[in-house]
Amino acid sequence: MEEGGRFLIKTWGDEAVAYDLLSGDTHFLDPLSLAITRYLSGTARSGEEIADHLASNFDLPTDEHSLDYLHATLSRLEAIGLLVVKSA
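Okay, here's the thing in structure tokens:
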């Protein structure tokens, strides 16, 4: 089990659940969400850096559909509090 501040994360292979200690909510993390969460792990990265990392390390295409899915995943992670977006 990984501890990361307000979340406890339990993994099973390439999937996980994140338990929010503040709200009591539990969130399913698909392989992409888990990979993003691990990659960021307290380090600020741009959307382009995340996309490049995922494309090169997980053999993901960089077509428009895939980038839309990545954007939606980042938005979901931000909405549940696993990802903090800093303003420029």
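The number in our numbering is simply the position in the sequence shown, starting from 1, with 10 added.
Glycine included, every Cβ here is placed at the ideal spot set by N, Cα and C.
Which first and last residues belong to the alpha helix (DSSP H) in which residue i is found?
i   : result
T47 : 41-50
L92 : Unbroken run through L92: none, as it is neither H nor E.
S66 : 57-68
For residue i, which of helix, strand or coil comes out of DSSP?
i    : result
L31  : coil
L77  : helix
A100 : Outside the displayed range of the chain (11 to 98) lies residue 100, so it cannot be described from this structure.
So the beta strand (DSSP E) residue i belongs to, where does it begin and stop?
i   : result
L18 : 17-22
By Cβ distance, which residues of its chain are closer than 8 Å to residue i, with the 5 residues on each side in sequence left out?
i   : result
I90 : A28, D30, D35, H37
Leaving out the 5 sequence neighbours to the left and right, which residues in its chain are closer than 7 Å to residue i when beta-carbon positions are compared?
i   : result
D40 : E25
G52 : none
CB residue i to CB residue j, shorter than 8 Å?
i   : j   : result
A61 : L77 : yes
F68 : A45 : yes
H63 : Y79 : no
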